[in-house]
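As structure tokens, the structure follows; a few thoughts come after it.
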Amino acid sequence: MNPIQRFRFDRDKLSITWTDGSASELQALWLRDHCQMPASRNLANGQRLLNITDIPLDIGIADASLDGHRLVIDFTGDGHRSEFDLDWLRNNCYCLNQAQDDRSEAGKTLWDKQFFEDGLPRCHYAGFCNQPGARLAALRAVRDLGFVVLDGVDCESGEILQVIKQFGFVRETNYGPLFDVRTTVDPTNLAFTNLGLGCHLDNPYRDPVPGLQLLHCLESSTTGGESILQDGFMAAGILRQENPAHFELLSRNWINFRFRDGASDLQARVPFIEVNDHQQVIKVRFNNRSIDTLKLPPAIMREFYPAYRHYAEILEREELQVVFKLQPGELMLFDNTRILHARKAYSATGTRHLQGAYSDLDGLYSSLRRLESDA
Ligand code: OGA
Ligand code: ZN
Numbered sequence: 000m001n002p003i004q005r006f007r008f009d010r011d012k013l014s015i016t017w018t019d020g021s022a023s024e025l026q027a028l029w030l031r032d033h034c035q036m037p038a039s040r041n042l043a044n045g046q047r048l049l050n051i052t053d054i055p056l057d058i059g060i061a062d063a064s065l066d067g068h069r070l071v072i073d074f075t076g077d078g079h080r081s082e083f084d085l086d087w088l089r090n091n092c093y094c095l096n097q098a099q100d101d102r103s104e105a106g107k108t109l110w111d112k113q114f115f116e117d118g119l120p121r122c123h124y125a126g127f128c129n130q131p132g133a134r135l136a137a138l139r140a141v142r143d144l145g146f147v148v149l150d151g152v153d154c155e156s157g158e159i160l161q162v163i164k165q166f167g168f169v170r171e172t173n174y175g176p177l178f179d180v181r182t183t184v185d186p187t188n189l190a191f192t193n194l195g196l197g198c199h200l201d202n203p204y205r206d207p208v209p210g211l212q213l214l215h216c217l218e219s220s221t222t223g224g225e226s227i228l229q230d231g232f233m234a235a236g237i238l239r240q241e242n243p244a245h246f247e248l249l250s251r252n253w254i255n256f257r258f259r260d261g262a263s264d265l266q267a268r269v270p271f272i273e274v275n276d277h278q279q280v281i282k283v284r285f286n287n288r289s290i291d292t293l294k295l296p297p298a299i300m301r302e303f304y305p306a307y308r309h310y311a312e313i314l315e316r317e318e319l320q321v322v323f324k325l326q327p328g329e330l331m332l333f334d335n336t337r338i339l340h341a342r343k344a345y346s347a348t349g350t351r352h353l354q355g356a357y358s359d360l361d362g363l364y365s366s367l368r369r370l371e372s373d374a
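Numbers 0 to 374, taken from numbering that gives the first Met the number 0, label the letters of the sequence shown in order.
Structure, rendered in structure tokens:
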């Protein structure tokens, strides 16, 4: 069906009224820049062949006409002709379609403890590997809720790396491709003791921060050691609602995170709460262990502490925290730009052994989009 009711043009712009009653007004320059013809795009991969500086700023529309399901546009200047498929125009026009955004709070399902009364998002690992539908549901859970628990993962050292290969790539760090989380003598990190760990995101001192974290339980015979997850986007939204000025202070003022050991000195200057061009939350960071010396301008320091403390106090609210005990063979996969994790202290008797590893969100999102387009 022809989606166009009528159109008109002048030198500057093309105005379309679609059959559903909506309207688009497209600038000549945008149309030339988005030309889909073989001279402008590589047809095999869709990549643009021309530079913006190849197009004069004052380019205009000389003529426009309909040819079946295509709109043909002749431009002023070199007389370049573009043919736009009407469905392409309707689906891509900037008046009716928002910019793609699957990272910010706007596109997420925010949650608190009560949300998971009927259970956590789970997927059996065999299904994750062999059934596209199961894998799709699990990856969607990571996109929308921020995490999924895989069960039935072999309790083999290194298996976590095979899990990552199912959807993306291992993000190797100074801790290696993976790290063991268990009590060690002379620990380089508090994670390697039996102490409780407060809610945090890993590695805020890395730039870029690893977007995904995995923790795989190999052994768990201690008492205690429960895992806690919480939605950092929900917490940031609560802060904004309770005190907009506090939210603003934590998103506007950047601080330093740092991790140092015998071999590394990692530092990043970033905000606690990162927002996009619409002031929507896109990343949160919080890690009590690795906040470096706070060095803010004196006038801001006085205001910053109440905001920082308020945020930390929200993160301690039990109604925001889902608590569960990871069993051997279970692995949690979570968005390390959104989901805070913690663990309770555990006994000195018995053994608790997790393996952790990192990956990046773009690889997971890419796998997810492929599955969605095949579904
Ligand atoms: C970590 C961590 C949690 C746990 O190693 O990053 O937070 O359950 N561990 O031991
Ligand atoms: Zn951690």
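Glycine residues also receive a C-beta, built at the ideal position from the N, C-alpha and C atoms. No experiment lies behind these values; they were computed from the predicted model shown.
(message) Is the beta carbon of residue 224 closer than 8 Å to that of residue 304?
(response) No. Outside cutoff.
Q) So is the beta-carbon of residue 356 under 7 Å away from any non-hydrogen atom of the ligand ZN? A) no
For the ligand OGA, I want to know if residue 342 counts as a neighbour, meaning its beta carbon is within less than 7 Å of at least one of the ligand's heavy atoms. Yes, the Cβ of residue 342 comes within 7 Å of a heavy atom of the ligand OGA.
Problem - Contained alpha helix (DSSP H) runs [length at least 4] in the region 78-152, N- to C-terminal order - result: 85-91, 124-129 and 131-143
**Item:** Cβ-based burial, residue 215 [other Cβ within 10 Å; buried from 16]
**Value:** buried
* Asked: Going by beta carbon distance, what residues of the same chain come within less than 7 Å of residue 248, once the five residues before and after it are set aside?
  -> 302, 303 and 306
Margin query: Measuring alpha carbon to alpha carbon, tell me which residue in 314, 134 and 32 is nearest residue 237.
Written below: 314
Exercise for review: Measure the alpha-carbon distance for residue 114 versus residue 240 and round it to whole angstroms.
Suggested key: 20 Å
message = Can you confirm whether the region 205-212 touches the region 79-98 when touching is taken to mean that 3 or more C-beta pairs between the two stretches lie within less than 8 Å?
response = no
Worksheet item: Relative to the C-alpha of residue 360, which residue among 370, 127, 177 and 101 is closest?
Response: 101
Beta strand (DSSP E) containing residue 265: first to last residue?
Judged by DSSP secondary structure, residue 265 falls within the beta strand (DSSP E) whose first and last residues are 264-269.
* Asked: Is the region 111-129 touching the region 275-295 in the sense that three or more CB pairs, one from each, lie closer than 8 Å?
  -> no
* Using the Cα positions of residue 9 and residue 297, report the straight-line distance between them to the nearest angstrom. => 56 Å
query: Out of 89, 321, 231 and 4, which has the shortest C-alpha to C-alpha gap to residue 282?
result: 231
Starting from residue 345, follow its DSSP beta bridges and name the residues at the other end. 223
task = Kindly list the residues whose CB is nearer than 8 Å to the CB of residue 176, restricted to its own chain and excluding five residues on each side of it in sequence; keep chain order.
result = 160, 169 and 356
Quick one, which of 93, 364, 151 and 217 has its alpha-carbon nearest residue 125's? 151
| request: Return the chain-ordered list of same chain residues with a C-beta closer than 7 Å to the C-beta of residue 51, the five sequence neighbours on each side being excluded. | output: Hits under 7 Å: 32.
How many angstroms separate the CA atom of residue 365 from the CA atom of residue 193? Taking the straight line from one Cα to the other gives about 37 Å.
Residues that residue 282 bridges to, as DSSP identifies them
273
Margin query: Below 7 Å, is the gap between the Cβ of residue 201 and the nearest heavy atom of the ligand OGA?
Written below: Yes - the ligand OGA has a heavy atom lying nearer than 7 Å to the Cβ of residue 201.
Mind checking whether the beta-carbon of residue 353 lies closer than 7 Å to any heavy atom of the ligand OGA?
yes
When every heavy atom of the ligand ZN is checked, does at least one fall within less than 7 Å of the C-beta of residue 27? no
Requested in this report: Please indicate yes or no: does the CB of residue 177 lie closer than 7 Å to some heavy atom of the ligand OGA?
Outcome: False, no ligand heavy atom lies under 7 Å from that Cβ.
Margin query: How far does the beta strand (DSSP E) with residue 162 in it extend, from its first residue to its last?
Written below: From DSSP, residue 162 is part of no beta strand (DSSP E) but of the alpha helix (DSSP H) over 158-164.
Meets three-Cβ-pair contact criterion under 8 Å: the region 131-138 and the region 177-184
no
Query raised in the report: Among residues of its own chain, excluding the 5 on either side of residue 60, which ones have a beta-carbon nearer than 8 Å to its beta-carbon?
Result: So the qualifying residues of the chain are 8, 9, 10, 11, 12, 13, 27, 30, 72, 73, 74 and 75.
| query | Less than 8 Å separating the beta-carbons of residue 329 and residue 149? | reply | Yes. Within cutoff.
**Asked** From residue 219 to residue 34, what distance separates their C-alpha atoms?
**Response** 59 Å
Next item on the list: Could you tell me whether the Cβ atoms of residue 358 and residue 157 are closer together than 8 Å?
Entry: no
ask   = Within this structure, are the beta carbons of residue 286 and residue 200 separated by less than 8 Å?
value = yes
For this session: Give me the Cβ distance between residue 335 and residue 212, rounded to the nearest whole Å; I'm assuming they're in contact under 8 Å.
Result: 4 Å
Taking the Cβ atom as the reference point for each residue, do residue 226 and residue 342 lie within a distance shorter than 8 Å?
-> yes
*Exposed or buried, residue 162, counting other C-beta atoms within 10 Å across all chains shown (16 or more means buried)?*
buried
Review point. What separation, rounded to the nearest whole angstrom, lies between the Cα atoms of residue 317 and residue 326?
Key: 22 Å
Looking only at DSSP bridge pairs, what is residue 237 linked to?
DSSP, once it has assigned bridges, lists no residue as partnering residue 237.
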